[in-house]
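K.L.:
Input: one structure, supplied below.
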Amino acid sequence: MSPLFPALTEALADPDGPGAHRPALRFGDRSLTYGELAAVAAPLAGRLAGAGRIAVWATPTLETAVAVVAALLAGVPAVPLNPKSGESELGHIVSDSAPTLVLAEAGDQLPSALGELGRVDIDVRAAGAPQVPEDLTPVPDVPEEPAPESPALIVYTSGTTGPPKGAVIPRRAIAATLDALADAWAWTGDDVLVHGLPLFHVHGLILGILGPLRRGGSVRHLGRFETAGVARELTEGATMLFGVPTMYHRIAEALPDDPALAKSLGKARLLVSGSAALPVHDHERIAAATGRRVIERYGMTETLMNTSVRADGEPRAGTVGVPLPGVELRLTEDDGVTAVEAYDGETVGEIQVRGPNLFTEYLNRPDATVEAFTEGGWFRTGDMAVRDPDGYVRIVGRKATDLIKSGGYKIGAGEIENALLEHPGVREAAVTGEPDADLGERIVAWIVPDSDLSPPSAEELADHVARRLAPHKRPRTVRYLDALPRNDMGKIMKRALPHD
Ligand code: MCA
Ligand code: AMP
């Protein structure tokens, strides 16, 4: 396979060449050129080679980017960990993926769930002075490029029930999706991307860090998303912005009082939203204030990117554009196998996809992997859509009501219900998603408290879920009931919950 990161391979081979001096990564005031990135990541890769799977404590830092690049150079599958994961979620991911080592920024405190693992500290100093940890022996040669099908990343993603599953993403899928996006967006090494996305999911890590590196361009990460950081970077030469709809919603809210933000967005070559639907109202507010239209792309952890509005296409709000090059997309009827032929903007079907962008399997879950595909090798996304006459795809809903998208994070209702039921003050629990202008959907917990104890407060339950799972999975609203509505079989009828 040709190298995943040609510019990095070139800098490794020719550390004094012109390419080696090009900027690659910037986090706040710390940055690395391709030459510097090669100088830190290659010795680390040498140390990791043959390590089995490794975990990366994926804080939004330069160290995380270096760790992932080193693992990819070494051909060692990396499991990015949300540093805010609670004990139960982290315990599951670590026991399921069984990493041999954890890579973390020097000085970071790691939770006890990772205590048994060997630790490799990453210490990258300011620009121009990358520090190679002393115990790393330099590798004499550029590491050989691993096979295309070899697993590159294992990214955990929630389902409707049970704990998150690890999607095994091969190098082939990363290369295919990034090259398809390069075609759709005319994305080149001259682009400078800005974003503030987390680095333990596909959006922030694969698109947001590995994307620029594959193109030989650069990324400036904000550490955390703030409109001021977006305005600053777009004013100072960044050409593209990636974000989830919550981020664009916050931009839309800030625009009326922030002419500098409007001006900076007006300069951008491409504003891209994904991970959930961007409401048309936010599309329109941004277009009116900046003269630029946000374009949407549609993907999934398991499939990477499937469709996008193209840079040379018509930006149509409320759609996710057309299938990317190499991606086969079909809509199917309720039986999951009969293709919907209509391109009428009306006939709804489930989106199924096939192509080199797909994951290979769910780690340790052959049952779930089999269930995810049809006999013809189509991946069932669970997303419901229609197609316009010219092929533009409009997502209109989701098959599973028990999946919630909040802030762009996919969250399974079952996971949260199980965590809530572990609280001694909770007798019964149901979790739903309700529309939220900022988060898209907000998690609502419906609780029947244990009658022998005083009911736990909403804050206590939110803390409980945040501690066990992750803060973004905490309920934002808690409603107390005497009983949950159930059918004759005893199954909770969520649609019968007394919504306001
Ligand atoms: C609040 N916090 C708490 C608690 N309450 N911590 C512990 N216990 C509590 N009870 C903390 C949070 O950790 C956070 O800390 C801060 O308070 C604010 O929390 P929250 O309100 O949840 O966050 P927010 O500021 O509203 O975040 C909005 C956001 C975020 C920035 C848009 O939702 C986000 O980053 N979303 C991106 C999701 C994403 O990347 N999805 C991609 C997956 P602190 O402030 O320190 O953080 S989808 C994907 O990859 C596919 C392929 C695709 O298509 O893209
Ligand atoms: P995840 O598994 O966390 O990667 O989330 C994937 C899901 O996010 C998809 O199945 C869609 O439901 C949703 N999604 C991603 N991008 C978009 C988009 N542009 N519009 C609507 N939904 C989206």
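Per my numbering, the very first residue in the sequence shown carries number -13; after that it's consecutive.
Even for Gly, the Cβ is constructed at its ideal location relative to N, Cα and C.
#1: By Cβ distance, which residues of its chain are closer than 7 angstroms to Gly411, with the 5 residues on each side in sequence left out?
#2: Is Ala170 closer than 9 angstroms to Ala297 when the C-beta atoms are compared?
#3: Measuring straight from C-alpha to C-alpha, what distance separates Glu408 and Asn343?
#4: Pick out whichever of Ala238, Asp244, Asp243, Pro242 has its Cα sitting closest to the Cα of Leu257.
#5: Helix, strand or coil for Arg33 per DSSP?
#6: Just to confirm, are Gly304 and His269 a CB contact at a threshold of 9 angstroms?
#7: Here's the rule: buried if 16 or more other CB atoms are within 10 angstroms of the residue's CB, otherwise exposed. What is Met286?
#8: Go through its chain and collect everything with a Cβ distance to Arg460's Cβ below 6 angstroms, but skip five positions before and after it.
#9: On the DSSP letters alone, give me the boundaries of the beta strand (DSSP E) that Glu490 sits inside.
#10: Check each candidate in Gly426, Pro184, Thr418, Ile478 and name the one with the smallest Cα separation from Val464.
#11: Do you know offhand how far Asp422's Cα is from Ser144's?
#12: Go ahead and pull the three-state DSSP assignment for Asn404.
#13: Is any heavy atom of ligand 1 found at a distance shorter than 8 angstroms from the C-beta of Pro132?
#14: Starting from Thr213, trace the alpha helix (DSSP H) in both directions and tell me its first and last residue.
#15: At 4 residues or longer, what runs of the alpha helix (DSSP H) sit wholly inside the segment 386 to 443?
#16: For Leu220, which residues of its own chain have a beta-carbon under 8 angstroms away from its beta-carbon, when the five flanking residues on both sides are left out?
#17: Check each candidate in Val230, Ala431, Asp243, Val313 and name the one with the smallest Cα separation from Val280.
#18: Taking the Cβ atom as the reference point for each residue, do Arg283 and Ser259 lie within a distance shorter than 9 angstroms?
#19: Grouping DSSP H, G and I as helix and E and B as strand, with all else coil, what is Pro66?
#20: Give me the Cα-Cα distance between Ala161 and Glu212, rounded to the nearest whole angstrom.
#21: Measure the C-alpha to C-alpha separation of Leu349 and Tyr142 and round it to an integer number of angstroms.
#22: Can you pull the DSSP bridge partners for Trp43?
#23: Quick one: residues in its chain with C-beta nearer than 6 angstroms to the C-beta of Pro126, no 5 flanking neighbours on either side, listed in chain order?
#24: Report the start-end ranges of each beta strand (DSSP E) in the segment 123 to 181 that is 3 residues or longer and not cut off at the edges.
#25: Shorter than 8 angstroms, the distance from the beta carbon of Arg210 to the closest heavy atom of ligand 1, or not?
#26: Helix, strand or coil: which one does DSSP assign to Val382?
#27: Where does Pro242 sit, in a helix, a strand or coil, going by DSSP?
#28: Measuring from the CB of Val88, is there a heavy atom of ligand 2 at a distance below 8 angstroms?
#29: Kindly examine ligand 1 and report whether one of its heavy atoms sits closer than 8 angstroms to the Cβ of Ala452.
#30: Please identify the residue among Ala456, Leu483, Gly476 whose C-alpha is closest to the C-alpha of Pro69.
#31: Inspect the beta-carbon positions of Pro301 and Gly331 and report whether they are closer than 9 angstroms.
#32: One question on the structure: do Glu336 and Thr355 come within less than 9 angstroms of each other, judged by their Cβ atoms?
#33: Considering Cα atoms alone, identify which of Arg413, Ala44, Arg157, Val323 is closest to Leu183.
#34: Could you pull out every residue in the same chain whose Cβ sits closer than 8 angstroms to the Cβ of Pro242, ignoring the five residues on either side in sequence?
#35: Could you check whether Pro137 and Pro63 sit closer than 9 angstroms to each other, using their CB atoms as the reference points?
#36: Could you pull out every residue in the same chain whose Cβ sits closer than 7 angstroms to the Cβ of Tyr378, ignoring the five residues on either side in sequence?
P.N.:
So, from the listed chains and residues:
#1: For this step, residue 411 is matched to residue 425 along the sequence shown. Here the set comprises Pro435, Asp436, Leu439, Pro441, Pro442.
#2: One-based indexing of the sequence shown puts residue 297 at position 311. One-based indexing of the sequence shown puts residue 170 at position 184. Yes, these two residues count as a Cβ contact at 9 angstroms.
#3: Walking along the sequence shown from the start, residue 408 turns up at place 422. Walking along the sequence shown from the start, residue 343 turns up at place 357. Roughly 38 angstroms separates the two Cα atoms.
#4: By 1-based counting over the sequence shown, the position of residue 257 is 271. Checking every option, the nearest Cα to that of Leu257 belongs to Ala238.
#5: Mapped onto the sequence shown, residue 33 falls at position 47. It is helical.
#6: Indexing the sequence shown from 1 puts residue 304 at position 318. Indexing the sequence shown from 1 puts residue 269 at position 283. Against a cut-off of 9 angstroms, the Cβ pair of His269 and Gly304 comes out as a contact.
#7: Numbered from 1 along the sequence shown, position 300 holds the residue referred to as residue 286. The residue is buried, with at least 16 neighbouring Cβ atoms inside 10 Å.
#8: Within the sequence shown, residue 460 is the residue found at index 474, counting from 1. The residues are Ala448, Val451, Ala452.
#9: Any answer about residue 490 is impossible in this case: the structure gives the chain only from -13 up to 486.
#10: The residue you call residue 464 lines up with position 478 of the sequence shown. Val464 has its Cα closest to that of Thr418, out of Gly426, Pro184, Thr418, Ile478.
#11: Here residue 422 is taken as the residue at index 436 of the sequence shown, counted from 1. Here residue 144 is taken as the residue at index 158 of the sequence shown, counted from 1. Within the model, the alpha-carbon separation for Asp422 versus Ser144 is close to 20 angstroms.
#12: By one-based count along the sequence shown, residue 404 stands at place 418. Reduced to three states, the DSSP call for Asn404 is helix.
#13: Here the question's residue 132 lines up with position 146 in the sequence shown. No, the beta carbon of Pro132 sits no closer than 8 angstroms to any heavy atom of ligand 1.
#14: Numbered from its first residue, the sequence shown carries residue 213 at position 227. Per DSSP, Thr213 belongs to the alpha helix (DSSP H) from 213 to 221.
#15: 399 to 407
#16: Translated into the one-based positions of the sequence shown, residue 220 becomes position 234. The residues are Val180, Leu227, Ser250, Leu251, Lys253, Ala254.
#17: By 1-based counting over the sequence shown, the position of residue 280 is 294. Here the closest residue by C-alpha is Val230.
#18: Locating residue 283 in the sequence shown gives position 297, where the first residue counts as 1. Locating residue 259 in the sequence shown gives position 273, where the first residue counts as 1. Result yes, Cβ atoms of Arg283 and Ser259 sit closer than 9 angstroms.
#19: Residue 66 sits at position 80 when you count from the first residue of the sequence shown. Three-state DSSP puts Pro66 in a strand.
#20: For the purposes of this step, residue 161 is taken as the residue at position 175 of the sequence shown. For the purposes of this step, residue 212 is taken as the residue at position 226 of the sequence shown. One C-alpha to the other measures close to 30 angstroms.
#21: Residue mapping note: residue 349 aligns to position 363 of the sequence shown, counting from 1. Residue mapping note: residue 142 aligns to position 156 of the sequence shown, counting from 1. Roughly 9 angstroms between the two C-alpha positions.
#22: Position 57 of the sequence shown, counted from the first residue, corresponds to residue 43. Answer is Leu67.
#23: By one-based count along the sequence shown, residue 126 stands at place 140. In this prediction, Pro126 has a pLDDT of 46, which is less than 50 and means its spatial position is unreliable; what the coordinates show is noted afterwards. Here the set comprises nothing.
#24: The segment 123 to 181 contains these whole beta strand (DSSP E) runs: 137 to 143, 151 to 156, 178 to 181.
#25: Taking the sequence shown and counting its residues from 1, one reaches residue 210 at position 224. Arg210: yes, Cβ under 8 angstroms from ligand 1.
#26: Within the sequence shown, numbered from 1, the residue matching residue 382 stands at position 396. Strand at Val382.
#27: Translated into the one-based positions of the sequence shown, residue 242 becomes position 256. Residue state, collapsed to three classes: helix.
#28: Working through the sequence shown from its first residue, we reach residue 88 at position 102. No - ligand 2 has no heavy atom lying nearer than 8 angstroms to the Cβ of Val88.
#29: Position 466 of the sequence shown, counted from the start, is the residue given in the question as residue 452. Because some heavy atom of ligand 1 lies under 8 angstroms away, the Cβ of Ala452 counts as near it: yes.
#30: The count along the sequence shown starts at 1 and reaches residue 69 at position 83. That would be Ala456, whose Cα lies nearest to the Cα of Pro69.
#31: Position 315 of the sequence shown holds residue 301. Position 345 of the sequence shown holds residue 331. Not closer than 9 angstroms, so no.
#32: Here residue 336 is taken as the residue at index 350 of the sequence shown, counted from 1. Here residue 355 is taken as the residue at index 369 of the sequence shown, counted from 1. No, the pair does not count as a contact, with Cβ atoms beyond the cut-off.
#33: Numbered from 1 along the sequence shown, position 197 holds the residue referred to as residue 183. For Leu183, the nearest C-alpha among the options comes from Ala44.
#34: Locating residue 242 in the sequence shown gives position 256, counting from the first residue. Excluding residues within five positions, the ones whose Cβ falls inside 8 angstroms are Ala275.
#35: Residue 63 sits at position 77 when you count from the first residue of the sequence shown. Residue 137 sits at position 151 when you count from the first residue of the sequence shown. In this structure, Pro137 lies closer than 9 angstroms to Pro63 by Cβ.
#36: Taking the first residue of the sequence shown as 1, we reach residue 378 at position 392. Taken in chain order, the residues that qualify are Arg302, Thr305, Gly307, Val308.
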